[in-house]
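Numbering follows full-length UniProt numbering, with no gaps: position 186 of the sequence shown is 186.
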Amino acid sequence: MQIAKSIASKMNVEPTFPTKRCVTRKRHFDELNENDQNDEEVQAVEESFRVNYFLVMIDVAIGSLTKRFDELKSFGSMFGFLFNSKELKSLEDDALRKCCSNFANTFTHNNSSDVDSNDFFSELKVLQMILPNNLMSADEIFEFVRAADCYPNASIAYRILLTIPVTVASAERSFSKLKLLKNYLRSTMSQERLNGLAMCCIEKSMLDNINLDTVIDDFASKNARRSHFL
């Protein structure tokens, strides 16, 4: 209850509880006096708040945090060796092979795996030797692998890592953006146009770095009939 009162004081909320109107009646000699009775009523209200509201909110918060950390822990056990070059280079052969097998088994569907465990292990062993000594993040390693174009299994693994959302915040923002785009005034919008507008809004930071004149010229060159209008 001290935590609840301190939170209420920081929010400029009076930590008072509503109490019922006290009904005066004749008391016998062995009953409590009026002050003791009021104290018991206040304690009963505080106990009700503690049991029915405060403890329930604390349990929900602890359960949510525990679930989130368990999910992050499982995500780290699956993709942890791919997070950066330091993690990748620190693994011995046995540990690296175990991580590759776990990754391949996780993404096996209908007896078909997205990556081959042995080839994946061989590619990562080569990457351990040729990656620069400076610390590289997962997206930087992916750019290195994609530029080399000779590590197919590692490329697939890093694409899976970089496309799986750790939280649902990005998905919720996408739905919020779609709600702004697809309103009742745009009820006849096609799916292709909706996807394009949603992508432009979601990836606005990337769109700001694109030269629009180059895009317009490229679009005009693909359709000779419209070239003279642009």
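In this text, a Cβ means the ideal position worked out from N, Cα and C, and glycines have one as well.
It should be emphasised that the depicted structure is a prediction, and the values quoted were computed from it without experimental measurement.
Item: Helix, strand or coil: how does DSSP classify Thr108 here?; Value: strand
Item: Could you tell me whether the Cβ atoms of Phe79 and Cys100 are closer together than 8 Å?; Value: no
Item: Write down every uninterrupted run of the alpha helix (DSSP H) in the segment 53-132 whose length is 4 residues or greater and which is fully enclosed by it, in chain order.; Value: 55-79, 85-89, 93-106 and 117-130
Item: Answer with buried or exposed for Ser74, where buried requires no fewer than 16 other C-beta atoms within 10 angstroms of its C-beta.; Value: exposed
Item: If distances are taken between C-alpha atoms only, which option among Ala138, Ser90, Met189 and Leu194 comes closest to Leu162?; Value: Ala138
Item: If we call anything under 8 Å between Cβ atoms a contact, is Ala104 one with Ser122?; Value: no
Item: Spatial neighbours of Glu87 within its chain, please: CB distance less than 7 Å, with the 5 preceding and 5 following residues excluded, ordered by chain position.; Value: Gly80 and Phe81
Item: What does the Cβ neighbour count give for Ile141, buried or exposed, with the cut at 16 atoms within 10 Å?; Value: buried
Item: Let's test the definition: count the other Cβ atoms within 10 Å of the Cβ of Leu96 and tell me whether it reaches 16, buried, or not, exposed.; Value: buried
Item: Going along the chain, which unbroken runs of the alpha helix (DSSP H) with 4 or more residues stay wholly within the UniProt domain "HAT C-terminal dimerisation" (146-205)?; Value: 152-163, 169-181 and 191-202
Item: Measure the CB-CB distance between Val126 and Asn153 and report whether it falls below 8 Å.; Value: no
Item: Out of Gly76, Arg186 and Cys201, which has the shortest C-alpha to C-alpha gap to Ser174?; Value: Cys201
Item: For Ala157, count neighbouring Cβ atoms within 10 angstroms of its own Cβ and tell me buried if that reaches 16, exposed if not.; Value: buried
Item: Mind checking whether Leu181 and Ala198 have CB atoms under 8 Å apart?; Value: yes
Item: With hydrogens ignored, establish whether the beta-carbon of Ser112 is closer than 7 Å to any heavy atom of the ligand PLP.; Value: Among the components modelled here there is no ligand, and therefore nothing to report on the ligand PLP.
Item: Taking the alpha-carbon of Tyr151 as reference, which of Ala61, Ile62, Gln128 and Val51 has the nearest alpha-carbon?; Value: Gln128
Item: Exposed or buried, Val56, counting other C-beta atoms within 10 Å across all chains shown (16 or more means buried)?; Value: exposed
Item: Alpha carbon to alpha carbon, how far is Tyr53 from Glu47? Give it in angstroms, no decimals.; Value: 10 Å
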